[in-house]
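Enquirer:
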Amino acid sequence: MYLKAENISFGYKKDNWILRNVNISLGSGEVLGLIGDSGSGKSTLCKILSGYETNYNGTVSLDGKKIPSGIYNPVQLIFQHPEKAVNPKWKMKDILNEGHIVSQELLESFGIKENWLNRWPNELSGGELQRFALARALGPGTKFLIADEITTMVDAITQAQIWESILNIVEELNIGVLVVSHDKNLINKLCHDVLHLSDINTG
Ligand SMILES: Nc1ncnc2c1ncn2[C@@H]1O[C@H](COP(=O)(O)OP(=O)(O)O)[C@@H](O)[C@H]1O
Ligand SMILES: [Mg+2]
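Just so you know, we're using our numbering here: the sequence shown kicks off at 245 and counts up by one.
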């Protein structure tokens, strides 16, 4: 299966293009790096790929078909700040199981402890919350994961643990991953291939 973005052009304001004629293709099981300067449009491209931003020119498709809105998106985005992706008034177990019941195996892979499930989001660290966001996003309908600076805020050991878990799971499930970072060392360690946004963006 292929996730493709073709001839993507986008600007937040009229006549101010952030992305211009961007083409990117990600295959199942592939771990592709996307690197670029701060403010160059990486997060914007991530939102377009995962359906959070729909007001663009060009096409995003899965095996040549447009991804329908309103259903579970097989392309799941993970943000840099997991606290922004959770409802602060819900307990972690409810946040986790909102869309589907997350398997025990996934919880264990991400090192999610039983007693974290009864906590509120503000009672967990950023790294712990990010493990929940990942376990929730790697549900049965997920084919691609868009990881936008997802371990930028955690220490090196946590970063290594989280990525080890992700790589094991995506290999097992044949999920394709876009690893977005400004950290070249991390990208080189994790990815089969690397793209520089400035090389694929004519804007
Ligand atoms: N919601 C928004 N409204 C207006 N401008 C935005 C918005 N989000 C991002 N931008 C601008 O778009 C550009 C690209 O941002 P972004 O995609 O977040 O870059 P990156 O993730 O590479 O740092 C930046 O100049 C940023 O200031
Ligand atoms: Mg960004």
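C-beta atoms are modelled at their ideal positions from N, C-alpha and C, and glycine is treated no differently. All values derive from a computational prediction rather than experimental measurement.
1) What does the alpha-carbon distance come out to for the pair P312 and K335?
2) Looking at the structure shown, is S272 part of a helix, part of a strand, or coil, going by DSSP?
3) Thinking just about the alpha-carbon of each residue, which of E352, K337, A404 is nearest to the one in W364?
4) Have a look at L351 and G371 and give me their C-alpha separation to the nearest angstrom.
5) Could you work out which residue in G343, A379, I279, D307 is closest to K357 when comparing CA atoms only?
6) Have a look at L321 and C290 and give me their C-alpha separation to the nearest angstrom.
7) Assign Q324 to one of two classes, buried (16 or more other C-beta atoms within 10 Å of its C-beta) or exposed (fewer than that).
8) Across which residues does DSSP place F254 in a beta bridge pair?
9) With hydrogens ignored, establish whether the beta-carbon of S282 is closer than 7 Å to any heavy atom of ligand 1.
10) Can you find a heavy atom of ligand 1 that lies under 7 Å from the Cβ of T288?
11) Please confirm whether any heavy atom of ligand 1 lies closer than 7 Å to the CB of Y256.
12) Going by C-alpha distance, which of A391, N432, Y256, G255 is nearest P326?
13) When you compare the CB positions of G383 and I262, do they come within less than 8 Å of one another, or not?
14) Considering just the uninterrupted stretch of the alpha helix (DSSP H) at I292, what are its terminal residues?
15) Would you mind sorting I339 into buried or exposed? The rule is 16 or more other CB atoms within 10 Å of its CB.
16) Looking at R375 and F354, is the spacing between their C-beta atoms short of 8 Å?
17) Kindly indicate which three-state DSSP category Q320 falls into: helix, strand or coil?
18) Where does T303 sit, in a helix, a strand or coil, going by DSSP?
19) Who does L434 pair with in a DSSP beta bridge?
20) Could you check the C-alpha separation between I345 and E415 for me, to the nearest Å?
21) So, is I401 buried or exposed, given that buried needs 16 or more other C-beta atoms within 10 angstroms?
22) Our contact map puts L276 next to L439 with C-beta atoms below 8 Å; I'd like the distance itself, whole angstroms only.
Expert: Well, looking at it:
1) If you number the sequence shown from 1, residue 312 lands on position 68. If you number the sequence shown from 1, residue 335 lands on position 91. Looking at the two C-alpha atoms, the distance is approximately 30 Å.
2) Mapped onto the sequence shown, residue 272 falls at position 28. The three-state reading of DSSP puts S272 in coil, since its state is none of H, G, I, E or B.
3) Counting from one through the sequence shown, the residue named residue 364 turns up at place 120. Residue K337 is the option with its Cα nearest to W364.
4) Translated into the one-based positions of the sequence shown, residue 351 becomes position 107. Translated into the one-based positions of the sequence shown, residue 371 becomes position 127. Cα to Cα, L351 sits roughly 14 Å from G371.
5) To locate residue 357, count along the sequence shown from 1; it is residue 113. When G343, A379, I279, D307 are compared, the shortest CA-CA separation from K357 is found for A379.
6) As a first step, residue 321 is located in the sequence shown; it is residue number 77 there, counting from the start. As a first step, residue 290 is located in the sequence shown; it is residue number 46 there, counting from the start. So the two alpha carbons sit approximately 7 Å from each other.
7) Position 80 of the sequence shown holds residue 324. Buried: at least 16 other Cβ atoms inside 10 Å.
8) As a position in the sequence shown, residue 254 is number 10, starting the count at 1. In the DSSP output, where bridge partners are listed per residue, F254 has L263.
9) Translated into positions along the sequence shown, residue 282 becomes position 38. Yes, the Cβ of S282 comes within 7 Å of a heavy atom of ligand 1.
10) As a position in the sequence shown, residue 288 is number 44, starting the count at 1. Answer for T288: yes, Cβ within range of ligand 1.
11) Position 12 of the sequence shown holds residue 256. Checking the Cβ of Y256 against ligand 1 gives yes.
12) By 1-based counting over the sequence shown, the position of residue 326 is 82. Checked all of A391, N432, Y256, G255; the closest Cα to P326 is A391.
13) Position 139 of the sequence shown holds residue 383. Position 18 of the sequence shown holds residue 262. Inclusion of G383 and I262 in the CB contact set at 8 Å is not warranted, their separation being larger than that value.
14) In the sequence shown, the residue the question calls residue 292 occupies position 48. Start and end: 286–293.
15) Walking along the sequence shown from the start, residue 339 turns up at place 95. Looking at its Cβ environment, which holds 16 or more other Cβ atoms inside 10 Å, I339 is buried.
16) Within the sequence shown, residue 354 is the residue found at index 110, counting from 1. Within the sequence shown, residue 375 is the residue found at index 131, counting from 1. Result yes, Cβ atoms of F354 and R375 sit closer than 8 Å.
17) Position 76 of the sequence shown, counting from 1, holds the residue named residue 320. Here Q320 sits in strand by DSSP.
18) Numbered from its first residue, the sequence shown carries residue 303 at position 59. Reduced to three states, the DSSP call for T303 is strand.
19) Here residue 434 is taken as the residue at index 190 of the sequence shown, counted from 1. Paired residue(s): none; L434 is not in a bridge.
20) Within the sequence shown, numbered from 1, the residue matching residue 345 stands at position 101. Within the sequence shown, numbered from 1, the residue matching residue 415 stands at position 171. I345 and E415: Cα-Cα distance of roughly 21 Å.
21) Within the sequence shown, numbered from 1, the residue matching residue 401 stands at position 157. By the neighbour-count rule (16 or more Cβ atoms within 10 Å), I401 is not buried but exposed.
22) Locating residue 276 in the sequence shown gives position 32, counting from the first residue. Locating residue 439 in the sequence shown gives position 195, counting from the first residue. Confirmed, about 7 Å.
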